[in-house]
Amino acid sequence: MAERSHSYRTRAVILRRRNYRDADRILTVFTPRLGKRLLIAKGIRKTTSRKAGHLELFSHTNLLLAKARTWDIITESVTVESFLQLRADLDCISQAAYICELIDAFSAEDDENETVWELLLLCLRELNESATNAARRDLLLRWFEVQLLTQVGFQPELFSCLGCAEELRPGDNFLHLLAGGVFCPKCGGKAKGAQPIASNVLKVLRHLSRTPWGSLRELQIGLPTALAAENVLQRYLVTVLERRLKSTDFIHRLRQASQIRPPAPKQAQQPANGIIEPSDP
Ligand SMILES: [Zn+2]
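Heads up: the sequence shown at position 65 corresponds to 161 in my numbering, and the numbers run straight through without jumps.
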């Protein structure tokens, strides 16, 4: 079938959907070449719609679109990957939703970012493959957060002191969320709002920032360190998002999540050095 000039094709992952009018749905999708886009699926909520099965959340699809004034119209969709294992597990679903929400929150419409597209697909595939490995999925989320922050220009400074630019060494360093990174022991004491960060946690964050997922996926991190790294990243994400977007719902939920996390169990032993601790059973 010949495609008319006002039609175009793209691959897309569905980040978000909302109902519109009687039978339509507005979809927020992420694409490799067009970044984030809002599209309309007309008549999709009718029981006779043939499109419905191909436009599930998190699906990787191939779309044929017709240009329109407000939202381009989905005229055809074919599923490329449906991530079925992921969909069978509630934890996996909420983790996929988290990944999609974070990408949505950090992306502007029509702002191409092919690296973020690759990151999104990699994470959905890994969630799907690691549906039975909760520790790996947690590690994946932390890696995703650091990688996404880097790709959208908010990478925290983890290697040199924000004050004196000296290389950071293991010791009593300080994290400063608003300043976007870490101060050395000398500068951190003077920086208002800085708070101590454990060497193990800093080491994990650095490792996440410079290691490709393929080399990281077998890594096991002790639970106290993993929870502490998660807490730092959640608070950093809230800080960045508040400054950048003033996004509402998502930040509230993120903040709640960082508050309801249980504190690291005290009885667990932290090794003096190294992040590659045996994982908790
Ligand atoms: Zn310094």
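Glycine is no exception: its CB is placed at the ideal position from the N, C-alpha and C atoms.
Just how far apart, CA to CA, sit residue i and residue j?
| i | j | result |
| --- | --- | --- |
| Ala324 | Ser256 | 21 Å |
| Leu134 | Arg146 | 20 Å |
| Leu122 | Ala137 | Looking at the sequence shown, residue 122 is not Leu but Ile. Straight-line Cα distance between these residues: approximately 6 Å. |
| Glu152 | Arg306 | 33 Å |
| Val248 | Ser203 | 8 Å |
| Pro252 | Gly276 | 5 Å |
| Ser103 | Ser295 | 54 Å |
| Leu216 | Ile195 | 7 Å |
| Leu130 | Glu214 | 13 Å |
| Ala227 | Leu236 | 12 Å |
| Lys288 | Thr143 | 59 Å |
| Tyr332 | Glu241 | 10 Å |
| Cys260 | Arg117 | 57 Å |
| Ala119 | Asn209 | 32 Å |
| Gln330 | Gly310 | 24 Å |
| Pro308 | Ala231 | 17 Å |
| Arg113 | His150 | 13 Å |
| Val278 | Pro320 | 20 Å |
| Glu205 | Leu160 | 19 Å |
| Val125 | Val174 | 14 Å |
| Asp207 | Val297 | 33 Å |
Pick from the options: whose alpha carbon is nearest that of residue i?
| i | options | result |
| --- | --- | --- |
| Ala201 | Leu245, Ala227, Leu217 | Leu245 |
| Ser178 | Arg105, Arg141, Ile189 | Ile189 |
| Arg464 | Leu315, Glu172, Arg265, Val174 | For the chain, the structure presents residues 97 to 377; residue 464 sits outside this window and is missing. |
| Arg221 | Leu333, Ala192, Val278 | Ala192 |
| Ile199 | Asp207, Glu208, Asp206, Val212 | Val212 |
| Asn229 | Glu241, Leu273, Leu182 | Leu182 |
| Arg107 | Asn158, Lys286, Arg129 | Asn158 |
| Val176 | Gln330, Gly285, Phe154, Leu161 | Phe154 |
| Cys219 | His156, Asp118, Ser173, Val278 | His156 |
| Val334 | Glu172, Gly267, Phe250 | Phe250 |
| Gly285 | Glu338, Leu223, Leu258 | Leu258 |
| Ile170 | Pro281, Gly139, Ala322 | Gly139 |
| Asn224 | Glu197, Ala184, Leu254 | Ala184 |
Could you tell me which residues DSSP pairs with residue i in its beta bridges?
| i | result |
| --- | --- |
| Ala162 | Ser103, Ile169 |
| Arg112 | Thr124 |
| Ile293 | Asn269 |
| Ile136 | Ile122, Ile169 |
| His156 | Val109, Glu177 |
| Gly131 | Thr127 |
| Glu253 | Gly277 |
Exposed or buried, what is residue i when buried is set at 16 or more other beta-carbons lying within 10 Å of its beta-carbon?
| i | result |
| --- | --- |
| His303 | buried |
| Asp168 | buried |
| Arg265 | exposed |
| Lys362 | In this prediction, Lys362 has a pLDDT of 46, which is less than 50 and means its spatial position is unreliable; nothing more can be read from the coordinates. |
| Asp234 | buried |
| Leu186 | exposed |
| Glu262 | exposed |
| Lys132 | buried |
| Leu180 | exposed |
| Leu274 | exposed |
| Val109 | buried |
| Lys299 | buried |
| Ala290 | buried |
| Thr127 | buried |
| Asn115 | exposed |
| Leu111 | buried |
| Thr166 | exposed |
| Leu337 | buried |
| Arg105 | exposed |
| Ala322 | buried |
| Pro292 | exposed |
| Leu318 | Before going further, note that residue 318 is Gly rather than Leu in the sequence given. By the 10 Å Cβ count, Gly318 comes out buried. |
With a threshold of 8 Å (Cβ to nearest heavy atom), would residue i be considered close to ligand 3?
| i | result |
| --- | --- |
| Gly289 | This structure simply doesn't include ligand 3; it includes ligand 1 instead. |
Could you tell me whether any Cβ in chain B is nearer than 9 Å to the Cβ of residue i?
| i | result |
| --- | --- |
| Gly289 | Note that chain B does not occur in the displayed structure, where there is just one protein chain. |
Residue ranges of each alpha helix (DSSP H) run of no fewer than 4 residues wholly in the region 258-291, ordered along the chain?
-> 281-284
Please go through the region 174-243 and give each complete alpha helix (DSSP H) segment of 4 or more residues, from N-terminal end onward.
-> 180-183, 186-202, 210-225
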